[in-house]
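A.B. asks:
And the structure:
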């Protein structure tokens, strides 16, 4: 019978690679040329791949904070700022002021700088003798110590300068550099962030330290870190794993073939970035290391099987070996790639653009890695010198891996109940610990503690009480609304409340301008808000300035309150925002407030994205379960196969809870990714276990044999993946360091589950894979020609055959002996077996007085032995006349089918009862 339709395309592909490997190599060469053309600009030789260090890809589009940011930009305009913090014992000391002034002048001269504000470049109102003077410290103020002292006192008493440009203790001052409009790429081309840092460092010296921070500086550092990762981390992964493979395979092909594979996989992945028009960012920069490690893992599986075939089938020709290699590895590698792709594709439901891009590019990379492992690697192996297999123990003796696997397998079977009990306790404890997981992330915490950008940020934060901006837009929805005294008083109370919050370092707004105007123009030394609306309008009219218009519009209908947040963790910012929203809700009508700023954007995005990630993990588990259920042709068996993965998922979240690691875009990314990686070896184990259990007629022996077959590649691939992720800890970004540790740790847990829990759990289950059911040949028109299988679908008939035992028996074999007692139902006792003829001929006869009386000759579809199955003695002898394919099953098989495939069991049992009734009547007549 021809193979089922689903099997034919795979068989043709295997045949093409086995007989014409040059076609696969030619296809890969063509794909490589196209990838190079996409990745490189041939005119200037430059790389088309770009880096996007902005926060935009880490902010959920369309959230309220983003809409508010756009509204603030439209109404008030805003330039990006770089803040240079100068620290000294006294920033008003003349030598320090001279350096501040010189630095301010040099910064203002840099291309791309629009404005510079500093102590020496702002006007400081001085009131004296009934006169108001807009004074400036300038570079020469040290010449008049008394005037400098007056300016110092005025600056520290000015709410627009105190804690804004100068710390209240006069030990730190800020130089605010406002940048001209432009993209990060344009500023990088100008070298602007680096130039600001360089100029700032030039004035540092004994007793004076300088720190540079701000969103443009952070983004520039992020871009540098991403490029550094590509130039250092990826080669480091390759080097470390190559050394590992050299030790594992101990031959040249075990190193060069994986090296060529990962180079191609990386080339295709980077070309994918260019093809979809997306740059590398903080999240998608993890894709290249992922693809490298996945390519190595798939390649290691194929190479391990190739080495095993060199030992077990040394006489095979190259095409035969390639055919055998792909026949064994194509199903599990393909299913593993699909499962891994499902795991990362589930991230596609995220609201975060960077995570969605990570999902898309990871899926493309994983599928490319699988295609290379199944097409490129076998084709290359067909041409490289075969040589001897990797060094092993003496012929006929198991090596230490096999001996260890045998011991572990025996332990798993012997201590099955204890192992499952421990697994159940671990699952329960992990679920409890997972309830303690907190949601949160960090702004500058993505950098390592010793990174210059993080040191500067934290120093500036400490000096000024905060540098991360938080903006409150308050709208009165009508001209002059904000000139009402009660509305200004409400804003003053809000600002006063903000200043009492431990997370807030500085606050400024229209109230500060009004109070300063009341002091300087209104003659009120206390700077109180006037009680009359007309008085407020007059002060705002005469004191109108560019600085005032940056926080209060001309219609006096909308205003901004600027705050600087001094904490870096989003969970702390979230707690502040929750309290702040209560205060904003209490503002008098018609005032309405909205929040924006980097602190709000990132915090709100983390909240939304983390919820999305949890849904992604649930979706990934559900999709992997569906995939396994299809693979094993049973929803129940699919669930059983998913349980080990569910266990390691619970352990992962339990570890986060116990370790105090917050759940965020990076940490939740790990689990979705590792879900697909962890299921890899489970699939390989189950595929081996199924055939081993049938061959040895014992699930327990099959579990041990399957572990012996997969322990080497399982350990090898887990080690490769773990080493690849561990190398990430050498990167410059802290989130990638955390990613590396968590991924490696989760893989180690998955390895322990593979070695101990999965064999113990599956040793009592007989499974059937989709690939098995497609390969089984029961002949034409099974339902009509084999009555026992009547009413079953073709796939169900093949599943029943695999759950039983399909075997070929030579001619002249005695199957049943007359008078033999029925079996006791134990597995392997032939006295209680039933035989179904798939192909061939059987002779049924009895012997009386030394003469052989042939009762009948049976062919396809005949059921033999059902009388003994139902507890009676055998009534006749049965021999094979020709080589015969038989389907043999007993009571243990029937019980197993009842548990796992109840519909199939019910139909077969019904058919068996009908056939037994018909056969008893016929045979009684013949024998009688």
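In full-length UniProt numbering, the protein residues as written are 1 to 928.
Each residue gets a CB set at the ideal place from its N, CA and C atoms; glycine is no exception.
#1: Ends of the beta strand (DSSP E) at residue 209?
#2: Once the 5 residues before and after residue 160 are set aside, which same chain residues still bring their CB inside 8 Å of it?
#3: My parser needs the beta strand (DSSP E) runs of 3 or more residues fully inside the stretch 64 to 150; what are they?
#4: If residue 53 and residue 223 are in contact, beta carbons under 8 Å, what's the gap, nearest whole angstrom?
#5: I need the straight-line Cα distance from residue 545 to residue 557, nearest angstrom please.
#6: Taking only runs of the alpha helix (DSSP H) that begin and end inside the stretch 160 to 211, which ones reach a length of at least 4 residues, in chain order?
#7: Residue 179 and residue 119: beta carbons closer than 8 Å?
#8: According to DSSP, is residue 281 part of a helix, a strand, or is it coil?
#9: Specify the secondary structure class of residue 853 as computed by DSSP and reduced to three states.
#10: Using a 10 Å radius around the Cβ and a threshold of 16 neighbouring Cβ atoms, would you call residue 874 buried or exposed?
#11: Do the stretch 66 to 76 and the stretch 585 to 596 make contact, defined as three or more Cβ pairs closer than 8 Å?
#12: Are the stretch 352 to 370 and the stretch 233 to 247 touching by the rule of at least three beta carbon pairs closer than 8 Å?
#13: For the alpha helix (DSSP H) holding residue 255, just list the boundary residues, first then last.
#14: Nearest-angstrom Cα distance between residue 347 and residue 100?
#15: Out of 723, 756, 573, 753, point me to the one whose CA is closest to residue 741's CA.
#16: Please list the segments of the alpha helix (DSSP H) lying wholly inside the stretch 545 to 620, counting only runs of 4 or more residues, in order along the chain.
#17: Going by DSSP, name the residue or residues bridged to residue 814.
#18: Going by alpha carbons, who is nearest to residue 401 out of 258, 711, 815, 781?
#19: Can you look up residue 799 in the DSSP assignment and give me helix, strand or coil?
#20: Distance, Cα to Cα, residue 228 vs residue 732?
#21: Taking DSSP as the reference, what is the three-state secondary structure of residue 783?
#22: Please check the pair residue 641 and residue 628, which I expect to be a contact at CB under 8 Å, by giving their CB distance rounded to whole angstroms.
#23: Starting from residue 428 and walking both ways along the alpha helix (DSSP H), at which residues does that stretch end?
#24: Grouping DSSP H, G and I as helix and E and B as strand, with all else coil, what is residue 492?
#25: For residue 412, which of helix, strand or coil comes out of DSSP?
#26: Could you name the residues of the same chain whose beta carbon sits closer than 7 Å to that of residue 600, not counting the 5 residues immediately before and after it, in chain order?
#27: Since residue 363 and residue 345 should fall inside the 8 Å C-beta cutoff, what is the C-beta to C-beta distance between them, to a whole number of angstroms?
#28: Which residue marks the beginning of the beta strand (DSSP E) containing residue 839, and which one marks its end?
#29: Would you mind giving the Cβ-Cβ distance between residue 368 and residue 275, rounded to the nearest angstrom? I have them listed as a contact below 8 Å.
#30: To the nearest angstrom, how far is the alpha carbon of residue 74 from that of residue 499?
#31: Tell me whether the beta-carbon of residue 382 lies closer than 8 Å to the beta-carbon of residue 318.
#32: DSSP three-state label for residue 918, please.
#33: Below 8 Å, how does it come out for the stretch 474 to 482 and the stretch 602 to 614: are there three or more Cβ pairs, yes or no?
#34: Is it true that the CB of residue 176 sits closer than 8 Å to the CB of residue 83?
#35: Counting along the chain, where does the beta strand (DSSP E) carrying residue 807 start and finish?
#36: In terms of DSSP beta bridges, what is residue 442 paired with?
C.D. replies: Let me lay it out:
#1: For residue 209, the enclosing beta strand (DSSP E) stretches over residues 208 to 213.
#2: 508, 512, 513, 516, 547
#3: 81 to 88, 113 to 117, 124 to 128, 131 to 135
#4: 4 Å
#5: 17 Å
#6: Correct list: 184 to 190, 192 to 202.
#7: Note that the C-beta distance between residue 179 and residue 119 is not below 8 Å.
#8: coil
#9: strand
#10: buried
#11: Touching, yes, given that three or more Cβ pairs across the two stretches are closer than 8 Å.
#12: no
#13: 253 to 275
#14: 49 Å
#15: 723
#16: 546 to 549, 570 to 585
#17: 879, per the DSSP bridge assignment.
#18: 711
#19: Secondary structure at residue 799: helix, using DSSP grouped into helix, strand and coil.
#20: 8 Å
#21: helix
#22: 5 Å
#23: 416 to 434
#24: helix
#25: helix
#26: 65, 470, 577
#27: 5 Å
#28: 834 to 839
#29: Between residue 275 and residue 368 the Cβ distance is about 12 Å, and since that is not below 8 Å, they are no contact.
#30: 28 Å
#31: Going by C-beta atoms, residue 382 is nearer than 8 Å to residue 318.
#32: Residue 918: helix per DSSP, three-state reduction.
#33: Judged by Cβ distances under 8 Å, the stretch 474 to 482 makes no contact with the stretch 602 to 614, as fewer than three pairs qualify.
#34: yes
#35: 805 to 809
#36: 569
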